[in-house]
Amino acid sequence: MQQPLNYPCPQVYWVDGSATSPWAPSGSVFPCPSSVPGRPGQRRPPPPPPPPPLPPPPLPPLPSLPPLQKRKDHHTELWLLMMTFMVLVALVGLGIGMYQLFHLQKELAELRESTNQSHTASSFEKQIDHPIPPSEKKEQRSVAHLTGKPNSRSTPLEWEDMYGIAMISGVKYKKGGLVINDTGLYFVYSKIYFRGQSCSNQPLSHKVYMRNSKYPEDLVLMEEKMMNYCTTGQMWAHSSYLGAVFNLTSADHIYVNISQLSLVNFEEPKTFFGLYKL
1 MQQPLNYPCP QVYWVDGSAT SPWAPSGSVF PCPSSVPGRP GQRRPPPPPP
51 PPPLPPPPLP PLPSLPPLQK RKDHHTELWL LMMTFMVLVA LVGLGIGMYQ
101 LFHLQKELAE LRESTNQSHT ASSFEKQIDH PIPPSEKKEQ RSVAHLTGKP
151 NSRSTPLEWE DMYGIAMISG VKYKKGGLVI NDTGLYFVYS KIYFRGQSCS
201 NQPLSHKVYM RNSKYPEDLV LMEEKMMNYC TTGQMWAHSS YLGAVFNLTS
251 ADHIYVNISQ LSLVNFEEPK TFFGLYKL
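In full-length UniProt numbering, the protein residues as written are 1 to 278.
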């Protein structure tokens with residue numbers, strides 16, 4: 001039985017040495033036909049086995065998380081922890097504030113209640129004509145400050161006791177002097193400002209007197225005399241200040257006397273007279 005051989009094979013050349021053809025030279029080479037009839041009794045070699053299948057490629061490994069993502073998660077956890085701590089601190093502070101506010105309101109209510117009780121007791125004492133102790137009476141301070149009076153033309157000097165910076169309390173102003181009401185220690189002071197267009201070196205005097213019916217004459221409390229206080233023929237100015245503490249009794253009359261009334265400048269801050277009780 002002859003089987004067709006149609007499978008491809010490599011090209012093979014063979015030489016026929018017994019050929020006697022005149023046009024075919026000896027040793028001619030002929031190509032192998034694409035199909036060669038099978039020889040009887042010849043076995044064909046089995047076909048080669050198919051190659052084994054290739055194994056599937058391994059799966060790529062999963063990408064690991066980058067370090068930045070881990071750091072970001074760590075920062076997020078830290079931020080949440082800090083926020084929780086801050087919220088707890090705020091709640092604790094709010095609780096303490098409410099506690100203190102409650103106690104403050106309680107103390108304020110108690111203070112109002114005690115004030116109302118004292119006010120009620122005071123009103124009740126006034127209704128029954130309860131006298132106020134002498135120690136609770138407000139003591140009037142004896143004080144006076146008099147300023148120069150430009151229209152003063154005679155001595156003792158006249159003073160301004162109502163206008164400008166002048167003031168008087170606890171004493172009386174009478175005939176150019178101050179009359180004491182309460183016995184005690186007093187600081188008495190006086191300042192006179194002299195000035196002139198040309199110097200003549202006339203003696204100047206500034207005195208503070210006290211008058212009392214118990215004494216036959218007025219007493220000089222303070223005195224200043226001035227000589228050679230300027231240069232002849234030139235403009236000049238000179239001030240005299242006196243001040244000391246005295247024990248004065250009720251009805252004592254204190255006044256100021258000067259020489260050369262025409263040389264006195266009566267402006268408020270330059271010429272003044274006063275006293276106050278210590």
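Quick reminder that beta carbons are idealized off the backbone N, C-alpha and C, glycines included.
Given the structure is predicted, the values throughout are model-derived calculations rather than measurements.
So, at 6 Å on beta carbons, what are the nonlocal neighbours of residue i in its own chain, with the 5 sequence-adjacent residues on each side left out?
i: residue 207; result: 220, 223, 257
i: residue 211; result: 218, 253
i: residue 239; result: 193
i: residue 229; result: 238
i: residue 173; result: 161
Hey, how far is the Cα of residue i from the Cα of residue j?
i: residue 199; j: residue 241; result: 21 Å
i: residue 192; j: residue 110; result: 60 Å
i: residue 233; j: residue 260; result: 18 Å
i: residue 215; j: residue 165; result: 34 Å
i: residue 92; j: residue 115; result: 35 Å
i: residue 112; j: residue 140; result: 32 Å
i: residue 100; j: residue 79; result: 32 Å
i: residue 83; j: residue 104; result: 31 Å
i: residue 117; j: residue 98; result: 29 Å
i: residue 161; j: residue 271; result: 13 Å
i: residue 108; j: residue 94; result: 21 Å
i: residue 167; j: residue 102; result: 51 Å
i: residue 152; j: residue 262; result: 10 Å
i: residue 45; j: residue 57; result: 35 Å
i: residue 75; j: residue 87; result: 18 Å
i: residue 90; j: residue 96; result: 10 Å
i: residue 163; j: residue 264; result: 20 Å
i: residue 209; j: residue 155; result: 12 Å
i: residue 251; j: residue 231; result: 44 Å
i: residue 269; j: residue 148; result: 9 Å
i: residue 50; j: residue 60; result: 29 Å
i: residue 81; j: residue 106; result: 38 Å
With a CB to CB cut of under 8 Å and the five nearest residues on each side skipped, what residues in its chain are close to residue i?
i: residue 171; result: 142, 143, 144, 178, 179, 180, 181, 275
i: residue 150; result: 266
i: residue 249; result: 180, 183, 212
i: residue 278; result: 184, 185, 186, 187, 245
i: residue 169; result: 140, 141, 142, 143, 144
i: residue 77; result: none
So, at 7 Å on beta carbons, what are the nonlocal neighbours of residue i in its own chain, with the 5 sequence-adjacent residues on each side left out?
i: residue 246; result: 186, 188, 221
i: residue 341; result: Coverage of the chain is limited to positions 1 through 278, which leaves residue 341 absent and any answer about it impossible.
i: residue 54; result: none
i: residue 202; result: 260
Taking residue i as part of the beta strand (DSSP E), name the residues at either end of that continuous run.
i: residue 147; result: 143-148
i: residue 277; result: 272-277
i: residue 256; result: 253-258
Contact defined as beta carbons within less than 8 Å: I believe residue i pairs with residue j. What is the distance between those atoms, to the nearest angstrom?
i: residue 195; j: residue 237; result: 4 Å
i: residue 176; j: residue 157; result: 6 Å
i: residue 226; j: residue 197; result: 18 Å between Cβ atoms; not a contact.
Please determine whether the Cβ atom of residue i lies at a distance below 8 Å from any heavy atom of the ligand NAD.
i: residue 77; result: In terms of ligand content, the structure shown is empty, and the ligand NAD therefore cannot be addressed.
Quiz item: What runs of the beta strand (DSSP E), each 3 residues or longer, lie entirely inside the segment 170-248?
Solution: 172-174, 177-179, 184-196, 204-211, 219-226, 236-248
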